[in-house]
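The block underneath contains the structure these notes are about, expressed in structure tokens.
Residue numbers (our numbering), protein chains in the order written: chain A, -16 to 391; chain B, -16 to 391.
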């Protein structure tokens, strides 16, 4: 029997407790032994809860218990999770986490400490909830040169954008409804400003390209500026506006970006709606692959944490070998990246051409007066922004996810 | 440096050779050592090919070479691949294969032999080409009770059905074009009769539910009877006809089936077109997940084989622990499964109701005279077939993939 502990009995921590109980038989069959929760650490009390009998308020109970070999960290934040995780790894215990903030901030160091102590620091649940994308990158697509990772990695913003698109709502209304339904937090900045997706794409890209990418260096734009008119234009052009977290390896270097983009049917992510998440990974041999599932939620996220716990139990005393570099990757500035841009501006086609050169997909919407939407030719972001700074009457603009020529 | 051999230098075998060379740097970085092809076994000659210098016609060269620790089997068929694989495993060499026929037929025995000899028999490439679905089931969704596995697992039939749907072609015309483009073989029976998908769903279901499922016990229907009119009705009802390979664990037992089915937008597989494959896996904690990619082709399939080779090199002397049972699963007869059915028949609504009871989604197509299409209520297949045997004027029928009530 393997004994584990859970630190943080919130949504995900309680989900881990529940999943291990609910599926104990299947898990024991696959691991070859039972997995049992010996301690749950939380400052609160949980009278009447199934975890009540194993609840502790003292971290030392877990740190010093020689029977506990794996610890689940579902506390979130950096304090005290960073210090706790470090101490546990140094005490020879593996740690499994859903804490993307900690992984993005201190993952490199914590993985090194795990390695030095022949244990594991696993974080499948930190990106994409129940989607097993970390293990796919670490253990499956190992024969690939990864060329692109693009994901819809935040359920809150995808829910808001979907409800704006499907029901024609304003951003503020859609956000309020998401909050009422529990899909958005009272303080939604981390989601709607793109910071959550930013941390996740930094983690995934580090694994995909084998070099560390600090989340601080990821250019990040949120969705607070997305107007329902923008979405109406996208729809008229047979597109969707999605918050994409994307990184791509090009000849000149690798770039990374989180921003709302306009994508069309050529992109399998276009159909990913509501709170669902998906990650597209392109490799030079396998081509385009995609992984889809619940990006959040108690049980889906818990399922990913439990998968990590199982891996730790199966690998006691062994650090699972994965590609790993402490070296930080030099990123290509997004200014250098070329693509078409969607522009919405007041005026006529002649003015649009005068400002942006050759344009296509010119679209006018009823009820929007003398404005129009269109796509520019493919150009570097630097060039586009130069044109933009001189253009008059521009209301909004978005990056088009992919060249039109590549469509169909 | 790890030395390996490749048996069978056809499309996939040559792809493995190419991928290992093309991505040697990335692979060495991830494995910690280089992987080098020491021998390629094929009866043919390949003058001028990069593999020429390591070509052998004698299996003994590989079997008796102590330096070769991993062997790729991309010969296909059962003879001599079964005997070769057995001998290699018994000689302490791991084997990685794309041969679904061999895995479906002798996989249980070969895995046991691998285990007895502390080596591995891996077959990621046997199902879904480049989609890492085997590793997802074995190593990622390990905390789940899997409830359903449904896939579009055959690229040839999906290409044909897509081209029938998008271009209104007859089956015969679509098949001929698929053959001309190299997407269908000259003898396409294994694909169009559903046998290929049948072997794959038997393998995936065995892994998902932890008991052996013989491919011979999978009720299998192909797509040769699909008429372009059937597809037109599906379209009019906002559905697609797809060859689904599916298994589901219900309270009463587990059933499995390969058949063309009508699915709607509620099912993420509906959007999977052309030669692409996808597998949907539902677990009781994680919910619905989906995995999408190239189901065939030289490099995507090779990528999956190479991933297995890398896993074998990383686990020298250790059998990777996966759930595994030699016990055969008792299956629920498909007759017991309840769902709505699509029926296309001559006559009017009154006749349809007289034959099948309450009906919905009644559809008439221009140019198809006095016939109509409709959905029955949810009923067991047994009940449906009893009604069918008494009904007059039925032209065709399909299983509807999911209850209408569950839509949206």
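Positions of the beta carbon are idealized from the N, C-alpha and C atoms, including for glycine. In this text the structure is predicted, and so the values were computed from the model without any measurement.
What separation, rounded to the nearest whole angstrom, lies between the Cα atoms of residue 53 (chain B) and residue 237 (chain A)?
Taking the straight line joining both Cα atoms gives about 34 Å.
For residue 308 (chain B), which residues from the same chain have a beta carbon less than 6 Å from its beta carbon, with the 5 sequence-adjacent residues on both sides left out?
Closer than 6 Å at Cβ, skipping near neighbours: 193 and 194.
Does any CB atom of chain A fall closer than 9 Å to the CB of residue 13 (chain B)?
So yes, residue 13 (chain B) belongs to the interface.
Name, please, each residue of chain A whose Cβ falls closer than 8 Å to the Cβ of residue 286 (chain B).
What residue 286 (chain B) touches in chain A: 124, 126, 127, 266, 268 and 269.
Would you mind sorting residue 389 (chain A) into buried or exposed? The rule is 16 or more other CB atoms within 10 Å of its CB.
The pLDDT assigned to residue 389 (chain A) is 45, lower than 50, so where the model puts this residue is not dependable, and the model offers no usable value.
Please find out if some non-hydrogen atom of the ligand COA comes closer than 8 Å to the beta-carbon of residue 251 (chain A).
With respect to the ligand COA, the structure shown offers nothing to examine, as it has no ligands at all.
Among residues of its own chain, excluding the 5 on either side of residue 286 (chain A), which ones have a beta-carbon nearer than 7 Å to its beta-carbon?
Closer than 7 Å at Cβ, skipping near neighbours: 2 and 113.
Going by DSSP, which residues form a beta bridge with residue 19 (chain B)?
Its beta-bridge partners are B:-14.
DSSP three-state call for residue 355 (chain A): helix, strand or coil?
Residue 355 (chain A) falls in the strand class under three-state DSSP.
If you drop the 5 nearest sequence neighbours on each side, which residues of the same chain put their C-beta closer than 6 Å to that of residue -16 (chain B)?
Only 16, 17 and 19 meet the Cβ criterion.
In terms of DSSP beta bridges, what is residue 273 (chain A) paired with?
In the DSSP output, where bridge partners are listed per residue, residue 273 (chain A) has A:263 and B:275.
Here's the rule: buried if 16 or more other CB atoms are within 10 angstroms of the residue's CB, otherwise exposed. What is residue 355 (chain B)?
Buried is the call here.
Which same chain residues, not among the five before or five after residue 89 (chain A), have their C-beta less than 6 Å away from its C-beta?
Here the set comprises 65.
Examine chain A for any beta-carbon lying closer than 9 Å to the beta-carbon of residue 294 (chain B), and answer yes or no.
Chain A contact via Cβ: present.
Taking CB distances under 9 Å as the criterion, tell me whether residue 297 (chain A) reaches chain B.
Yes, residue 297 (chain A) counts as interfacial toward chain B.
Starting from residue 306 (chain A), find everything on chain B with Cβ-Cβ shorter than 7 Å and list it in chain order.
The answer, in chain order, is 12 and 13.
Which value, in whole angstroms, describes the spacing of the CA atoms of residue 191 (chain B) and residue 332 (chain A)?
Rounded to the nearest angstrom, the two C-alpha atoms are 57 Å apart.
If we define contact as Cβ-Cβ less than 9 Å, is residue 309 (chain A) a contact residue for chain B?
Output row for residue 309 (chain A): interface = no.
List the DSSP bridge partners of residue 324 (chain A).
Paired residues: A:382.
Rounded to the nearest angstrom, how far is the Cβ of residue 130 (chain A) from that of residue 221 (chain A), given a contact under 8 Å?
Not confirmed; about 26 Å, so no contact.
Quick one: using the 10 Å Cβ neighbour count with 16 as the cut-off for buried, is residue 85 (chain B) buried or exposed?
So residue 85 (chain B) counts as buried.
Classify residue 368 (chain A) as buried or exposed, calling it buried when 16 or more other Cβ atoms lie within 10 Å of its own Cβ.
Residue 368 (chain A) should be labelled exposed.
First and last residue of the alpha helix (DSSP H) that includes residue 7 (chain B)?
Its alpha helix (DSSP H) spans residues 7 to 14.
Would you tell me roughly how many angstroms separate the C-alpha atoms of residue 214 (chain A) and residue 142 (chain B), rounded to the nearest one?
Using only the alpha carbons, I get a separation of about 33 Å.
Taking the alpha-carbon positions, what's the residue 360 (chain B) to residue 219 (chain A) distance?
Whole-angstrom Cα-Cα distance: 37 Å.
Tell me whether the beta-carbon of residue 330 (chain A) lies closer than 9 Å to the beta-carbon of residue 353 (chain A).
It is a contact, given that the beta carbons lie within the stated cut-off.
Below 9 Å between beta carbons: does that hold for residue 259 (chain B) and residue 274 (chain B)?
Not closer than 9 Å, so no.
State the DSSP-derived secondary structure class of residue 242 (chain A), mapped to helix, strand or coil.
DSSP places residue 242 (chain A) in strand when its eight states are reduced to three.
To the nearest angstrom, report how far apart residue 289 (chain B) and residue 272 (chain B) are at their CA atoms.
Rounded to the nearest angstrom, the two C-alpha atoms are 25 Å apart.
Is the CB-CB distance between residue 452 (chain B) and residue 175 (chain B) below 9 Å?
It is not possible to answer for residue 452 (chain B), since the shown part of chain B is limited to -16 through 391.
In three-state terms, what does DSSP make of residue 89 (chain A)?
It is helical.
So, are the CB atoms of residue 108 (chain A) and residue 81 (chain A) less than 9 Å apart?
The answer is yes: Cβ separation under 9 Å.
Report all residues from its chain with a CB closer than 6 Å to the CB of residue 379 (chain B); omit the five preceding and five following residues, and keep chain order.
Only 213 and 327 meet the Cβ criterion.
Since residue 79 (chain A) is in the beta strand (DSSP E), which residue starts that stretch and which ends it?
Run containing residue 79 (chain A): 77 to 80, per the beta strand (DSSP E) assignment.
If I'm right that residue 55 (chain A) touches residue 102 (chain A) with Cβ under 8 Å, what's the distance once you round it to whole angstroms?
With 8 Å as the limit, residue 55 (chain A) and residue 102 (chain A) do not qualify as a contact, their Cβ atoms being about 14 Å apart.
Do the stretch 248 to 263 of chain B and the stretch 116 to 134 of chain B meet, that is, are 3 or more Cβ pairs less than 8 Å apart?
Yes, the stretch 248 to 263 of chain B is in contact with the stretch 116 to 134 of chain B.
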